[in-house]
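Numbering-wise, this note's numbering comes out as the position in the sequence shown, counting from 1, plus 7.
Just so you know, even glycine gets a beta-carbon here, dropped at the ideal spot from N, CA and C.
In this text, all values refer to a predicted model and were calculated from it rather than measured experimentally.
Accompanying notes for the structure given below.
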Amino acid sequence: MIRSTLVATLALCALQPVAQAQDRPAINPLYLMPADQATPAQVTQMQQRLLDWPQLQRYRDENAALPPVAPGAKRVVFYGDSITEGWGPTGSERFFPGKPYVNRGISGQTTAQMLVRFQQDVIALKPAAVVILAGTNDIAGNTGPTTQAMIEDNLHAMVELAQAHNLRVVLASVLPVSDYPWQPGVQPAGKVTALNRALRAYAAQQGLVYLDYHTAMTNKDGGLDPELAADGVHPTPAGYAKMVPLAEAAIARAQGR
């Protein structure tokens with residue numbers, strides 16, 4: 008018998024995987040429910056997520072099978088949460104076809120989880136650069152209450168790890184969001200703006216390339232219009248199409264092109 012307090016903890020990690028069918032945007036509901044309301048399948052999923060909290064197994068096989076970088080090519084790892092994962096699998100039609108770019112996003116993850124797997128899913132792949140997009144799930148509270156300082160600390164630690172291994176860093180702004188479907192009432196727009204302001208200043212201080220998705224995509228409410236994100240969080244194909252040239256330009260700057 009699983010106690011309700013344990014289920015509440017497990018529930019914070021029980022995020023649904025990215026929806027792939029018909030290019031629908033990903034939705035990550037949290038099972039914030041007492042034990043007697045969770046189905047056996049949901050409880051099992053929660054337990055599995057807790058056993059591998061940073062989800063180190065998610066890309067383990069793909070990392071092992073990843074071929075060496077072709078001569079003259081510069082691998083770039085896109086590192087993030089569902090917004091990155093939902094961009095599409097490595098080499099897919101939507102995710103930079105023909106480019107030596109690798110997608111290592113995991114739906115629902117916070118910066119704390121991403122920091123734990125940074126060695127395995129970024130550094131070990133020997134990229135020339137990494138594009139880090141993270142923080143919105145921290146603001147949503149996916150793994151518990153989080154302050155802006157905690158988010159910044161985790162992102163700074165990732166940057167420092169990358170710099171220690173001579174990787175160029177593109178630090179992306181958090182995308183606009185005015186509400187989380189799975190966590191209503193958070194009022195994230197102002198928190199996102201404040202975090203992005205801090206990230207821009209940190210990037211300038213550290214000589215990083217700052218990738219500003221927010222300015223190009225925000226609406227008057229500090230969120231995303233439906234054509235860019237049907238659920239207000241996860242980009243539609245049109246949303247990703249708007250992000251592509253911004254990301255490409257940032258990568259070019261990071262690589263000195």
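Would the stretch 161 to 171 and the stretch 131 to 141 be scored as touching if the rule is three or more Cβ pairs under 8 Å? yes
Could you please give me the residues that DSSP links to Val129 through a beta bridge? Its beta-bridge partners do not exist; DSSP assigns none.
Note down the Cα distance separating Leu73 from Met157, rounded to an integer number of angstroms. 32 Å
contact_flag[the stretch 183 to 200, the stretch 120 to 128] where n(CB pairs < 8 Å) is 3 or more: no
Start and end of the alpha helix (DSSP H) containing Arg5? Residue 5 cannot be examined here, being either before or after the span of the chain that is shown, 8 to 264.
List the residues that DSSP assigns as beta-bridge partners of Asn149. Gly151
Cα separation between Gln212 and Ala261? 15 Å
Classify Lys198: buried if its beta carbon has 16 or more other beta carbons within 10 angstroms, exposed otherwise. buried
What's the call for Ile258, buried or exposed, on a 16-neighbour Cβ count within 10 Å? buried
For Pro252 and Leu218, I'd like the C-alpha separation in whole angstroms. 11 Å
Span of the alpha helix (DSSP H) holding Gly197? Ala196 to Gln213
Taking the beta carbon of Thr51 as the centre, do at least 16 other beta carbons fall within 10 Å, making it buried, or is it exposed? exposed
Within 8 Å, do at least three Cβ pairs link the stretch 221 to 239 to the stretch 170 to 177? no
6 Å CB neighbourhood of Thr91 in its chain, flanking five on each side removed: Phe85, Gly112 and Leu140
Give the range of the beta strand (DSSP E) segment to which Ile113 is assigned. First-last for Ile113: undefined, no H or E at that position.
Burial state of Gly239, where buried means 16 or more other Cβ atoms lie within 10 Å: buried
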